[in-house]
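Comments concern the structure below.
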Amino acid sequence: MIWLPSVIITLFFIPNALNKIFHSNQMDKIVANSTVMIITGIFLLIASVLFLYNKTILIGTAFLALYMTLIVFIHMYKGKPYEVTILIIMATIFAAYIRKPQVFYPKK
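Structure, rendered in structure tokens:
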């Protein structure tokens, strides 16, 4: 049960990454360069793997939250709704906290 939120979050990021890699020629994006879209997809795949691995969960969470924060700013710039994107950021951090809460506390 601890892994369920992480798996659900990953099921959001993996298809998004694969879509960016294999369908990188979408023209409705802010960055129309297909190379940037492919690199973004690879970044998302790596961040998702880091998120799923217990020893690198903090790095993966930071990468995924950073990516989604940039997406929030892009949605704000384009005038699109961004509330769901903020909820995804919160869910990603919460899923990492459920799996490994001790990494969120300062060392004593």
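Residues 12 to 119, numbered by our numbering, are exactly what the sequence shown covers, in order.
Positions of the beta carbon are idealized from the N, C-alpha and C atoms, including for glycine.
>> Closest to I49 by C-alpha separation, out of L63, F33 and S59, would be which residue?
In response: With distances taken between Cα atoms, I49 lies closest to F33.
> Looking only at its own chain, which residues have a Cβ that is under 8 Å from the Cβ of T80, when we skip the five neighbours before and after it?
Replying inline: Excluding residues within five positions, the ones whose Cβ falls inside 8 Å are I100.
> Given a threshold of 16 other Cβ atoms within 10 Å of its Cβ, counted over all protein chains shown, does K89 qualify as buried or as exposed?
Replying inline: Counting Cβ neighbours within 10 Å, K89 comes out exposed, since fewer than 16 surround it.
>> Please report the straight-line C-alpha distance between T72 and I104, rounded to a whole angstrom.
In response: Straight-line spacing of the CA atoms in T72 and I104 works out to 6 Å.
>> So, for T67: in the same chain, excluding its five sequence neighbours on each side, which residues have a beta-carbon less than 7 Å away from its beta-carbon?
In response: Hits under 7 Å: L61.
> Exposed or buried, which one is K31 when buried takes at least 16 other CB atoms within 10 Å?
Replying inline: K31 sits buried, since 16 or more C-beta atoms from the chains shown fall within 10 Å of its C-beta.
> What is the C-beta distance between F24 and L75, in whole angstroms, given that I count them as a contact (C-beta under 8 Å)?
Replying inline: The pair is a contact, with the Cβ atoms about 7 Å apart (cut-off 8 Å).
> By Cβ distance below 8 Å, which residues in the same chain neighbour T21 in space, the five residues on each side in sequence not counted?
Replying inline: Cβ neighbours of T21 beyond the five flanking positions: S59, F62 and L63.
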